[in-house]
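Under our numbering, the residues of the sequence shown are numbered 6 to 278, in order. From the three backbone atoms N, C-alpha and C, an ideal C-beta is built for every residue, glycine too. Here the structure is a predicted model, which is why all the values come from computation and not from measurement. Some notes on the structure that comes next.
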Amino acid sequence: MNSINMISKLENISKELKKKILKISFEKKAHHIGSCLSCIDILTTLYFGFMNVNKKNINNNDKFIMSKGHASLSYYLVLMKKNFFSENFLIKEYLSDNGKLGGHPDTNLKKGIDFCSGSLGNGLSVATGMAYTFKLDKKKNKVFVLIGDGECNEGIIWEAALFAAQHKLNNLYVVLDYNKLQGFGSTKNIIDLEPIKSKFNSFNWNVVESNGHNINLLLKALRSFRNQKARPNLIIAHTIKGKNVKFMENKFESHYQVLDRKEYNLALKGLDN
Ligand SMILES: Cc1ncc(C[n+]2csc(CCOP(=O)(O)OP(=O)(O)O)c2C)c(N)n1
């Protein structure tokens, strides 16, 4: 497949999954819609354009940790699309009593979930440990992590960043979903991360900035690390919380907003335009 065809295939997948985020969230009265729409283009790029993940060969797979675990629905949807489970399974298990797909992911290797998450900050440390172990075992697997900007207010993120650089973990790829908003306000007003690029640079990481909704640019950013020094890799992906739903875009309220039928219909209509 040539690269233009591949990008348009990935864009179609992302659009399909955005519709499902809205539909399932509406039906389950779920929140975190803004958080899911912020990262679904990134997850689609990783799972369908870059990572080595195959349900039939889980021991050889690259690892992924959804450190901003509250956006679990977007994660479950890419795993569904990767055939780890069916859509019926997702709808039956997501947010159900004793369901297997909770509001925050539980480890379930057979279903493609490499580690539980939800307590913000821990995912990067776990990923760093996995990447370190792959190095010790001389294995080629890579480890990917998605973190949020509010999540970077957690001290453990910075401890992991130091450790990863100390051990030159060039098999570690972190994507920061930098929508500049968290649950109750803007990251700038709560604990500002800027200048985030030079902070990570000074920690001895490779850092590239990208538009987090442009699949072509995200792929270029991921590939660019091949030519960089043997250091851990970070993409600062500039994103929009609530992307593609006009009344949710750039609103921190989209974190906890639950859609009523009128809002759901309006949101769906907006996706098609
Ligand atoms: C340790 C911890 N503290 C607090 C929370 C509650 N919490 C859930 S989501 C969230 C905001 C996260 O913001 P961000 O990382 O920017 O995520 P995004 O905007 O991408 O959804 C908070 C504080 C949590 N899950 N874990």
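Residue i, DSSP secondary structure in three states
| i | result |
| --- | --- |
| residue 37 | coil |
| residue 191 | strand |
| residue 153 | strand |
| residue 245 | coil |
| residue 131 | helix |
| residue 269 | helix |
| residue 113 | strand |
| residue 52 | helix |
| residue 46 | helix |
| residue 125 | coil |
| residue 264 | coil |
| residue 15 | helix |
| residue 142 | coil |
| residue 186 | strand |
| residue 181 | strand |
| residue 106 | strand |
Nearest-angstrom Cα separation, counted from residue j out to residue i
| i | j | result |
| --- | --- | --- |
| residue 204 | residue 144 | 29 angstroms |
| residue 55 | residue 224 | 7 angstroms |
| residue 239 | residue 150 | 10 angstroms |
| residue 228 | residue 44 | 19 angstroms |
| residue 195 | residue 188 | 11 angstroms |
| residue 57 | residue 66 | 6 angstroms |
| residue 232 | residue 242 | 19 angstroms |
| residue 128 | residue 121 | 8 angstroms |
| residue 94 | residue 206 | 42 angstroms |
| residue 30 | residue 263 | 8 angstroms |
| residue 226 | residue 27 | 28 angstroms |
| residue 134 | residue 84 | 23 angstroms |
| residue 114 | residue 63 | 8 angstroms |
| residue 180 | residue 193 | 19 angstroms |
| residue 211 | residue 92 | 37 angstroms |
| residue 170 | residue 131 | 15 angstroms |
| residue 9 | residue 53 | 14 angstroms |
| residue 267 | residue 34 | 13 angstroms |
| residue 101 | residue 111 | 14 angstroms |
Test item: CB-CB of residue i and residue j under 8 angstroms
| i | j | result |
| --- | --- | --- |
| residue 259 | residue 39 | yes |
| residue 198 | residue 142 | no |
| residue 70 | residue 119 | yes |
| residue 12 | residue 221 | yes |
| residue 24 | residue 271 | no |
| residue 218 | residue 248 | yes |
| residue 257 | residue 246 | yes |
| residue 36 | residue 261 | yes |
| residue 178 | residue 147 | yes |
| residue 202 | residue 174 | no |
| residue 60 | residue 87 | yes |
| residue 156 | residue 125 | yes |
| residue 19 | residue 46 | yes |
| residue 22 | residue 50 | no |
| residue 41 | residue 79 | yes |
Buried versus exposed, by CB contacts within 10 Å (16 or more), residue i
| i | result |
| --- | --- |
| residue 116 | buried |
| residue 236 | buried |
| residue 74 | buried |
| residue 176 | buried |
| residue 103 | exposed |
| residue 89 | buried |
| residue 277 | exposed |
| residue 182 | buried |
| residue 252 | exposed |
| residue 81 | buried |
| residue 265 | exposed |
| residue 244 | buried |
| residue 15 | buried |
Exercise. Could you give the uninterrupted runs of the alpha helix (DSSP H) lying entirely in the stretch 193-242, keeping only those of 4 residues or more?
Worked result: 201-207 and 220-229
Problem set entry | Continuous beta strand (DSSP E) assignments of at least 3 residues falling wholly in the stretch 56-103 | 68-71
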